[in-house]
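Trainee: Reading the sequence shown from the start, the letters are residues 56 to 318 in the working numbering.
By construction, the Cβ of each residue, glycine as well, lies at the ideal position given by its N, Cα and C atoms.
For clarity, every value in this text was computed on a predicted model and none was experimentally measured.
Got a structure here, written out as structure tokens. Questions coming.
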Amino acid sequence: MFKHFDQLLFRFFVFWYGCGLILLTFDILPPSLEWANAVFLVLTGVLGAVFLIRQYGAPIGSILSLLIVIITFVIEGAGVHYGILFGDYYYNPDFGLILFEVPFTIGAAWLMVISTTHVLARAYSWRISNKLLEWLTYSFVGSIAAVVMDIVLDPVAFQVKEYWVWTAGGFYYDIPLSNFVGWFVLAFILHTVVFITLQLTKRWTGYVHPYWQPRMVWLYLMVLVMFLVLAITHGLWLAVSISTLLSILLFSGYAKWKENPSL
56 MFKHFDQLLF RFFVFWYGCG LILLTFDILP PSLEWANAVF LVLTGVLGAV FLIRQYGAPI
116 GSILSLLIVI ITFVIEGAGV HYGILFGDYY YNPDFGLILF EVPFTIGAAW LMVISTTHVL
176 ARAYSWRISN KLLEWLTYSF VGSIAAVVMD IVLDPVAFQV KEYWVWTAGG FYYDIPLSNF
236 VGWFVLAFIL HTVVFITLQL TKRWTGYVHP YWQPRMVWLY LMVLVMFLVL AITHGLWLAV
296 SISTLLSILL FSGYAKWKEN PSL
């Protein structure tokens, strides 16, 4: 029953993703369908939550999902109101339902980011026997993977789509350096929360879901490719070059050291 539902859910996402990629790439998304962007982000978050639930069980997966959504929503709120972590910015009202000047979909987007980078980061850390070094490696790699995505995501979201607007310029497509530092710090905090939670509940090792774990890697790639395509069509070549190079290095390590699903 669950397997059938999971397959339908992922296939529906792939369909929605394909439609969105075509509409956005050729800039033919009508204003009446702007809500589809919010649905896309919610779907990515749902996939991330389902992965955590399937791999670590309903109680732990649900708790982790809620923690990620709540923490990111609070920190994004602090960022919007006080410029903490990311710099001075505000969200476009068209980005979806806004609560306290933060889109509801942001929590779902971060849930996707942490779920996908969790799988990538574990490939680099799961063989390390020293717990402190394992935590540092896992959280560092996961945070770097999040920033790799943001290197192309933010220029497209700001320069092309105007999902959010920076009120102060920066060296990189008018985006302040604090934004990327903030992404790294927040991702590091969230990966630490995941690591500690799974360690305390003794669910850190030996859990590799054969269906959802590889699909988290595909989800990361699909989102990355979508923003790379949009960046290419709008001439954001620096973002394309940096993100592509770093993602190749990231996935080379993942392919070499990834966990065996039979564990």
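Let me know the secondary structure DSSP gives P158 once reduced to three states.
Mentor: Here the question's residue 158 lines up with position 103 in the sequence shown. Of the three classes helix, strand and coil, the one that applies to P158 here is strand, per DSSP.
Trainee: Can you give the Cα-Cα distance for A212 and H264, rounded to whole angstroms?
Mentor: Locating residue 212 in the sequence shown gives position 157, where the first residue counts as 1. Locating residue 264 in the sequence shown gives position 209, where the first residue counts as 1. If you take the alpha carbons of A212 and H264, they lie about 32 Å apart.
Trainee: Could you round the C-beta distance between V168 and A286 to whole angstroms and report it? I think they count as a contact, below 8 Å.
Mentor: As a first step, residue 168 must be located in the sequence shown, where it is residue number 113. As a first step, residue 286 must be located in the sequence shown, where it is residue number 231. With a Cβ gap of about 18 Å, V168 and A286 do not count as contacting.
Trainee: Looking at the structure shown, is I83 part of a helix, part of a strand, or coil, going by DSSP?
Mentor: Against the sequence shown, residue 83 aligns to sequence position 28. I83 sits in coil when the DSSP states are folded into three classes, being neither helix nor strand.
Trainee: Where do the ends of the beta strand (DSSP E) carrying Y145 lie?
Mentor: Counting from 1 along the sequence shown, the entry for residue 145 is found at position 90. Element bounds for Y145: 144-146.
Trainee: So W219 is in the beta strand (DSSP E); what residue range does that whole segment cover?
Mentor: Stepping through the sequence shown from its first residue, residue 219 is reached at position 164. W219 -> beta strand (DSSP E) spans 219-221.
Trainee: Would you say A178 and V97 are within 7 Å of each other, going by their C-beta atoms?
Mentor: Here residue 178 refers to the residue found at position 123 when the sequence shown is read from its first residue. Here residue 97 refers to the residue found at position 42 when the sequence shown is read from its first residue. For A178 and V97, no; Cβs fall outside 7 Å.
Trainee: Take the Cβ of T99 as the centre, count every other Cβ of all protein chains shown within 10 Å, and call the residue buried at 16 or more, exposed below.
Mentor: Translated into the one-based positions of the sequence shown, residue 99 becomes position 44. Answer is buried; the Cβ neighbour count reaches 16.
Trainee: Excluding sequence positions up to five away, which residues of its chain have a Cβ less than 8 Å from the Cβ of L187?
Mentor: The sequence position of residue 187 within the sequence shown is 132, counting from 1. So the list is empty, once near-sequence residues are dropped.
Trainee: Tell me, to the nearest whole angstrom, how far the beta carbon of F159 is from that of L152; I am working on the premise that it is less than 8 Å.
Mentor: On the sequence shown, residue 159 is found 104 positions in, with the first residue counted as 1. On the sequence shown, residue 152 is found 97 positions in, with the first residue counted as 1. The Cβ separation is near 4 Å, so the contact holds.
Trainee: Helix, strand or coil for I230, going by three-state DSSP, please let me know.
Mentor: For the purposes of this step, residue 230 is identified with residue 175 of the sequence shown, where counting begins at 1. I230 falls in the strand class under three-state DSSP.
Trainee: Is the region 181-201 in contact with the region 138-148, if contact means three or more CB pairs nearer than 8 Å?
Mentor: no
Trainee: For L283 and Y262, what's the separation of their Cα atoms in angstroms?
Mentor: Stepping through the sequence shown from its first residue, residue 283 is reached at position 228. Stepping through the sequence shown from its first residue, residue 262 is reached at position 207. Rounded to the nearest angstrom, the two C-alpha atoms are 32 Å apart.
Trainee: Use the C-beta contact count for G134: other C-beta atoms within 10 angstroms, 16 or more gives buried, fewer gives exposed.
Mentor: Against the sequence shown, residue 134 aligns to sequence position 79. By the neighbour-count rule (16 or more Cβ atoms within 10 Å), G134 is buried.
Trainee: Looking at the structure shown, is I169 part of a helix, part of a strand, or coil, going by DSSP?
Mentor: Walking along the sequence shown from the start, residue 169 turns up at place 114. DSSP places I169 in helix when its eight states are reduced to three.
Trainee: Please classify I83 as buried or exposed, where buried requires at least 16 neighbouring CB atoms within 10 angstroms.
Mentor: Counting from 1 along the sequence shown, the entry for residue 83 is found at position 28. With fewer than 16 Cβ atoms within 10 Å of its Cβ, I83 is classed as exposed.
Trainee: From F195 to Y144, what distance separates their C-alpha atoms?
Mentor: One-based indexing of the sequence shown puts residue 195 at position 140. One-based indexing of the sequence shown puts residue 144 at position 89. Looking at the two C-alpha atoms, the distance is approximately 26 Å.
Trainee: In this structure, how does DSSP classify F67 when only helix, strand and coil are distinguished?
Mentor: Residue numbering aside, residue 67 sits at position 12 when the sequence shown is read from its first letter. Reduced to three states, the DSSP call for F67 is helix.
Trainee: I need the DSSP call for I183, collapsed to helix, strand or coil.
Mentor: Indexing the sequence shown from 1 puts residue 183 at position 128. DSSP places I183 in coil when its eight states are reduced to three.
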